[in-house]
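Following: one structure in structure tokens, then a few remarks.
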Amino acid sequence: MNRIYTSLILVFALIVIWTIYLTNVKQDNSLTIRYYTIEELVSKESSLSTRVKVGGLIKPNSISINAEDQLEVSFYVYQGNDSLKVYYYGIRPDLFKDDAEVVVAGSFNDNLIVATELQTKCASRYEGDLKNIEKI
Amino acid sequence: MISQIGSLALSISGGLILSTFFFLFYYSIKKNKIFLDISERGLIAVCFCVILATLCLLNELLISNFNLQYVSQYTSYETPLFFKVTALWAGQAGSLLFWTFIMSIYSLIYINVSLRKMYELKFWSYIMLSFIFGFFLLLSNFVANPFEPVSSDIIVQNGNGLNPLLQNVTMAIHPPTLYLGFIGTTILFVMALSALISRSLTFEWIQSIRRWSLIVWTFLSAGIILGGYWAYNELGWGGYWAWDPVENSSLMPWLILTAFIHSSMIQEKRGMLKSWNILLAASTFLLVILGTFITRSGIVSSVHSFTAENLGPLFLGFLTSLILFTVYWFFKRFDLLKSDKKIDSFSSREGGFLYNNLILLLMCFIVLWGTLFPILSEAWNGEKIYVGATYFNQLNVPIGLVLLFLMGIGPLLSWKNTSNSKLLSNFKIPMIVSFVSGIIYSLFFGPFQLYPLVTCMGIAFTATSISNEFRKSYKKSKNKDKSIGSAFASMMLNNRHKNGGYIVHIGITLLFVGFIGRAFEVEKEFNLSPGEEIYFANYIFKLNSIKSEARDNHYAFISDMDVIDQSNNLITSLYPEKRIYFYWNPDPEKRQPHSELDIYSTMRKDIYSIFSAYDAEKNQGYFKIMINPLVNWVWIGGIVMVIGSLFAFWPSKRRDYGVV
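Spelled out as structure tokens, the structure:
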């Protein structure tokens, strides 16, 4: 093995190790965020020190928008029988409505998620099924 | 009727693949050339059947035959003609057929042009092509058949229609462009492995695979940039790149392909790194299939993944078999790949290409690790952990900056070895220019931020170094020619490969200009009633009115907002809209709101406006404004990149491919 290859491989290995360290060992909330199912959050904890990411569907008729400031909203996400309350302040995605699939990220305190990110699924495809088609 | 023909063509092509396999097997026993010829005809027939099937589906989309599930799902009578065509790749089944369609066109070119000169690659190329075609035809015939009729108990009056987000010209060009890039890697894979297996890594081969890699690279780059352009102009979150799994899976093959284009030059010039190049060429395709697996399996939550049918396990199986195949032959033919020459000097052109490979590979690893991290961590201890944009930026930004400088350092190095005195004289001017621009930047564009400063210095360094290269070759041709014009023309045309490469590098430098802007973005969300105004980022935003209007396929609320600068000059008027598609639908659930942005765009900055909600009772609009500096340079850089690679690809009369 000659010098140049050895040093290149060494640099590569070092940065790979650094990457793995950053994601696996160092507890850095700005880098990693754990994904929970609603069931996990509801049954196990009521508060968490780290930021969380949760996915689910918006519970029908649970969206309540502040009449004074329309950017303020609270709603429930559900999955199966479990549901959680979410508070969010900001512009909502266009597809935000009842039963839309959402992913929220934020802090979790007293069974309330204060979301800083709110995404609705399916931005680039229109995966409707035949239930949406008018029938005779 | 037409749909039956299409469906039949798909089944026939499946049958043809089986018979091709049979004849190839027969050829491997009897060694009679006639069987190889028959399987070649078989493959060509498969390609034509797939093209026929695609044309049939296109026809059904155009005449709105809602008896087909696919047609009724993605189009309606109201869908404009142009978007009926683009619906061909809007959904799972159609996009898979479209994939096979493009693969057919590439294969026809590969079989009839490239393989004409490389007879010895035929057998293994046909085996691999048949296998890959076989997989996709299996999907189209049995799993996601676009000719599937709607169930017989319902009659569909009108289709669903295409998602308004996709009713956009960029979104119509972006997927086919990206597909042309993705699918082109198939040829690279087939070419690399068939040459390896048949032991014919000839000079002819490396030239041919380099030409293919340039085509693929051009489409891939254009596709990625167009995707960013669409996201920026249509999705309304104000950025063009979000490190989403889908974006990442298009970036990874691009990084590896870029590495291949550079390191294959060493092979072309000096016959080294053969094994490495084979691995890179094969990996681009493997990464494309991995990316397809990620996006179509729903295994990683992404804002735009397919969810309807789960093709994950099938793609995983396909990917695994491809990897095993590659690894098996790689080790079996390892003796072939050894080279007796060595790279000795750190300061040589070869060394420069190796550093480039190291950087691109590292970036690819970081992106791959981040994209797969949720899966890996879940397998490791059951916790699904996502990494955010911060992770990607924290690691990739410094590495990307090294790459930026490297683009300037590369041309300053000579092949084999660069003497220290030459190194010093070569580096002098770019270094000085770089430092001067760093100082100017710090003086005039404070406050201090490390990355923008270093990026600015890198851009200056690389731009100087590349223009110095142009200056030198201009001088050379000036000695021969007399007029300035003809000297310039002959300089550019004489060494297209090299000059094209430098143009691409200038394009990438311009991209970095755009990236600097990201450090200075600001945004604000607020609500206004007509007549009110708000002050933000040295501008006054004054809302004049909100009008409403019923249009052909949607209902629109149109705001009219003036942007006034500090000295009270009107900069522009913005008209962001809130649209409701399917507004005639009595069920409010089925109506779909959509924010149509308005962007005031200049070379220095974009003023990006979103009309996010309208409160009819109070007559009040909710807006988001972003000031995004330098975004236009990203698009300009993208265009320059594509022009450069087309320039490099264009065949020149002289055989001077290996001079870079």
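Protein chains in written order, with my numbering: chain A, 1214 to 1349; chain R, 5 to 664. Cβ atoms here follow ideal geometry from the backbone N, Cα and C, with glycine treated the same way.
Got a sec: is the Cβ-Cβ distance from residue i to anything in chain R below 8 Å?
i: A:N1215; result: yes
i: A:V1286; result: no
i: A:I1246; result: yes
i: A:L1331; result: no
i: A:L1223; result: no
i: A:G1303; result: yes
i: A:I1353; result: Outside the shown range of chain A, which is 1214 to 1349, sits residue 1353 of chain A, and nothing can be said about it.
i: A:I1228; result: yes
i: A:S1243; result: yes
i: A:D1307; result: yes
i: A:T1219; result: no
In this structure, does DSSP put residue i in helix, strand or coil?
i: R:K530; result: It should be pointed out that residue 530 of chain R corresponds to Phe in this sequence rather than to Lys. In the structure shown, R:F530 sits in a strand (DSSP, three-state: E or B).
i: R:S198; result: helix
i: R:G163; result: coil
i: R:R337; result: coil
i: A:Y1249; result: strand
i: R:N632; result: strand
i: R:F627; result: strand
i: R:Y2; result: Absent from the model: residue 2 of chain R. The displayed extent of chain R is 5 to 664, so no value can be given.
i: R:D602; result: strand
i: R:S382; result: Reading off the sequence, residue 382 of chain R comes out as Glu, not Ser. Helix at R:E382.
i: R:I389; result: strand
i: R:S667; result: Since the first residue shown for chain R is 5 and the last is 664, residue 667 of chain R is missing from the structure and cannot be characterised.
i: R:I1; result: Outside the modelled stretch of chain R, which goes from 5 to 664, sits residue 1 of chain R, for which no answer is possible.
i: R:P150; result: coil
From what residue to what residue does the beta strand (DSSP E) around residue i run?
i: A:L1331; result: L1325 to T1333
i: R:S616; result: K609 to D619
i: A:L1205; result: Outside the modelled stretch of chain A, which goes from 1214 to 1349, sits residue 1205 of chain A, for which no answer is possible.
i: R:G489; result: R:G489 -> not in any beta strand (DSSP E); alpha helix (DSSP H) instead, spanning I488 to N498.
i: R:I9; result: Counting along the chain, R:I9 falls outside any beta strand (DSSP E), though it belongs to the alpha helix (DSSP H) covering I6 to K34.
i: R:V440; result: No beta strand (DSSP E) holds R:V440; the alpha helix (DSSP H) holding it covers N424 to F448.
Can you tell me which residues form a DSSP beta bridge with residue i?
i: R:V567; result: R:F545 and R:T576
i: A:F1321; result: A:I1326
i: R:I550; result: R:S563
i: R:H178; result: Paired residues: none, contrary to the question.
i: R:E668; result: No information on residue 668 of chain R is available, as it lies outside the stretch 5 to 664 that chain R covers here.
i: A:E1363; result: No answer is possible for residue 1363 of chain A: it lies beyond the span of chain A, which begins at 1214 and ends at 1349.
i: R:R583; result: R:A560 and R:H598
i: A:Q1179; result: An answer regarding residue 1179 of chain A cannot be provided, because it is not within the stretch 1214 to 1349 covered by chain A.
At a Cβ threshold of 8 Å, is residue i touching chain A?
i: R:W280; result: no
i: R:L16; result: As written in the sequence, residue 16 of chain R is Ile, which differs from the Leu given in the question. It does not; no Cβ of chain A falls within 8 Å.
i: R:W373; result: yes
i: R:P378; result: yes
i: R:F27; result: no
i: R:E529; result: yes
i: R:L355; result: Per the sequence shown, residue 355 of chain R should be read as Gly rather than Leu. So, interface residue.
i: R:I298; result: no
i: R:K88; result: no
i: R:V307; result: Residue placement at R:V307 cannot be trusted, given a pLDDT of 49 that sits under 50; the coordinates are not used to answer.
i: R:I370; result: yes
i: R:A176; result: no
i: R:A617; result: yes
i: R:L366; result: yes
i: R:F350; result: yes
i: R:L362; result: yes
Could you pull the start and end residues of the alpha helix (DSSP H) that residue i belongs to?
i: R:Y81; result: Where R:Y81 is concerned, there is no enclosing alpha helix (DSSP H), given that its DSSP letter is neither H nor E.
i: R:R595; result: Here R:R595 belongs to no alpha helix (DSSP H), and DSSP marks it neither H nor E.
i: R:G138; result: K126 to L142
i: R:F474; result: L454 to K484
i: A:I1217; result: R1216 to I1233
i: R:Q211; result: F207 to W234
i: R:F350; result: That residue, R:F350, is in no alpha helix (DSSP H); it is neither H nor E in DSSP.
Below 9 Å between beta carbons is the criterion; list the residues of the region 381 to 401 of chain R that meet it against any residue of chain A, in chain order.
S381, E382, W384, E387, K388, I389, Y390, V391, G392, T394, Y395, Q398 and L399
Which of the residues in the region 1248 to 1265 of chain A, read from start to end, lie with their CB under 7 Å from any CB of chain R?
Y1248
What residues in the region 447 to 466 of chain R have a beta carbon less than 8 Å from any beta carbon of chain A?
Taking 8 Å as the upper bound on Cβ-Cβ separation, chain A lies near no residue of the region 447 to 466 of chain R.
Any C-beta of chain A within less than 7 Å: which residues of the region 417 to 436 of chain R qualify?
none
Proximal residues, the region 1273 to 1284 of chain A versus chain R, C-beta separation under 7 Å:
Q1283 and L1284
Against chain R: residues of the region 1230 to 1241 of chain A by CB proximity under 9 Å
W1231, T1232, I1233, L1235, T1236, N1237 and D1241
Tell me which residues of the region 329 to 347 of chain R have at least one Cβ-Cβ distance to chain A shorter than 8 Å, keeping chain order.
K346 and I347
Members of the region 625 to 657 of chain R that neighbour chain B once the beta carbon cut-off is set at 7 Å
Among the protein chains in the structure shown, which are A and R, there is no chain B.
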